[in-house]
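Residue numbers (this note's numbering): 563 to 926.
Let me begin by presenting the structure, written as structure tokens, before commenting on it.
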Ligand code: FES
């Protein structure tokens with residue numbers, strides 16, 4: 563059995579022992595820049611050099627923005643576009659150099675003395691606020707911002723230049739929504755009369771006779787493959803090398819042209835839907851008209867298509883009419899027919915803009 567009396571007796575002296583004395587702060591050692599004017603000037607020049615380098619990076623951002631074409635430089639370096647890489651690096655270094663410069667300024671040049679502050683209630687009274695203001699004024703004085711015009715002015719310059727990339731990048735918000743721009747962009751997709759409908763997984767043309775009642779297939783127009791696509795045929799490669807769509811343009815075309823193909827009983831469709839369909843097979847844009855999520859949740863019995871993002875529901879038996887949810891426009895239907903070999907082909911491009919509808923979309 564353990565003897566607890568002895569162990570308590572051993573602990574007793576420790577409970578009444580004197581608290582450990584406050585060891586205090588280590589003696590303050592001056593920094594090289596505090597005692598050597600040369601080191602101080604060198605540090606000042608280093609800090610200024612970082613701010614100047616930041617300005618140069620901001621200018622490089624602007625040069626890269628205008629000189630590197632995002633379309634031509636897609637996938638050029640480790641899967642990143644040269645344009646994206648140059649923009650990211652130049653802007654990243656511009657910000658980083660300002661940060662490092664400010665840190666070096668405070669470490670090497672600002673006044674270096676230790677301050678101890680007693681804890682007190684959080685609410686501050688008038689005298690505290692006055693003290694804070696006085697401390698701020700003292701901090702400004704001690705930072706040397708008035709005495710070091712070189713550092714101050716280069717920092718102000720770097721902060722001014724860092725705004726330039728942000729202003730330049732506003733250019734990427736896209737063209738003005740003039741009728742002619744809308745016609746060329748929002749109202750145009752890769753679909754046109756005679757383009758075959760292709761299963762977007764297998765890359766095979768879709769035959770009308772292969773579609774079953776109740777089936778849904780994700781599809782796209784033929785010809786939308788890039789050089790890295792395992793489905794690309796030798797003919798595709800030739801087309802790509804001949805300067806057809808590639809890079810960012812190809813991705814945009816794929817996104818805007820994505821469709822779903824569904825088959826239902828023709829008698830369940832409205833007459834208007836049947837006119838653009840073929841024997842119960844209808845093709846609709848896959849892009850939700852609310853804010854653009856891809857949709858493919860298909861209820862065979864009701865012919866409803868549900869968007870997973872905000873539950874907009876479209877009736878595919880009735881021209882994509884919105885039956886529920888926040889979408890404000892029907893899902894665009896692509897007019898189709900079959901060609902002489904029985905494959906599904908488009909009769910034309912979409913006759914209305916595809917995609918979200920939160921701005922003025924129609925050119926008419
Ligand atoms: S994106 Fe489809 S409902 Fe919002």
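No residue lacks a Cβ here, since even glycine has one placed at the ideal position from N, Cα and C.
Contact check, residue i vs residue j, beta carbons under 8 Å
i           : j           : result
residue 716 : residue 623 : no
residue 818 : residue 917 : yes
residue 847 : residue 885 : no
residue 880 : residue 866 : no
residue 874 : residue 888 : yes
residue 758 : residue 907 : yes
residue 890 : residue 919 : yes
residue 721 : residue 660 : yes
residue 896 : residue 845 : yes
residue 726 : residue 626 : no
residue 597 : residue 671 : no
Cα-Cα separation, residue i to residue j
i           : j           : result
residue 912 : residue 736 : 22 Å
residue 644 : residue 629 : 11 Å
residue 855 : residue 687 : 54 Å
residue 701 : residue 667 : 13 Å
residue 663 : residue 691 : 30 Å
residue 599 : residue 652 : 34 Å
residue 605 : residue 706 : 13 Å
residue 711 : residue 787 : 58 Å
residue 814 : residue 649 : 21 Å
residue 728 : residue 882 : 40 Å
residue 768 : residue 618 : 55 Å
residue 857 : residue 851 : 10 Å
residue 928 : residue 915 : With the chain represented from 563 up to 926, any question about residue 928 goes unanswered, as that position is not in the structure.
residue 734 : residue 678 : 51 Å
residue 594 : residue 586 : 24 Å
residue 646 : residue 777 : 41 Å
residue 869 : residue 698 : 55 Å
residue 658 : residue 616 : 8 Å
residue 631 : residue 731 : 14 Å
residue 695 : residue 584 : 32 Å
residue 570 : residue 581 : Since pLDDT at residue 570 reaches only 47, below the 50 mark, its modelled position is unreliable, and no value is offered.
residue 752 : residue 810 : 14 Å
residue 674 : residue 654 : 30 Å
residue 746 : residue 905 : 28 Å
As assigned by DSSP and simplified to three states, the class of residue i
i           : result
residue 825 : strand
residue 870 : coil
residue 691 : helix
residue 782 : strand
residue 896 : strand
residue 657 : helix
residue 856 : strand
residue 889 : coil
Expected contact under 8 Å - CB spacing of residue i and residue j to nearest Å
i           : j           : result
residue 816 : residue 782 : 6 Å
residue 744 : residue 656 : That belief does not hold up - the Cβ atoms of residue 744 and residue 656 are roughly 36 Å apart, past 8 Å.
residue 899 : residue 840 : 6 Å
residue 779 : residue 823 : 5 Å
residue 843 : residue 825 : 5 Å
residue 590 : residue 704 : Rounded, the Cβ-Cβ distance is 16 Å, inconsistent with contact.
Residue i, enclosing beta strand (DSSP E) - first and last residue
i           : result
residue 908 : 906–908
residue 875 : 875–877
residue 847 : 843–847
residue 861 : 859–861
Span of the alpha helix (DSSP H) around residue i
i           : result
residue 768 : Looking at the DSSP string, residue 768 is not in any alpha helix (DSSP H), and its letter there is neither H nor E.
residue 606 : 599–629
residue 723 : 711–723
residue 775 : It is not in any alpha helix (DSSP H) - residue 775 carries neither H nor E in the DSSP assignment.
residue 760 : Per DSSP, residue 760 belongs to no alpha helix (DSSP H); it is in the beta strand (DSSP E), 759–761.
residue 886 : Per DSSP, residue 886 belongs to no alpha helix (DSSP H); it is in the beta strand (DSSP E), 883–886.
residue 918 : No alpha helix (DSSP H) holds residue 918; DSSP gives it neither H nor E.
residue 741 : 741–746
residue 837 : 833–837
Contact test: residue i Cβ vs the ligand SAH heavy atom, cutoff 7 Å
i           : result
residue 821 : This structure lacks the ligand SAH; the ligands present are the ligand FES.
Contact with chain D by residue i, beta-carbon distance below 8 Å
i           : result
residue 591 : No chain D is present in this structure, which holds just one protein chain.
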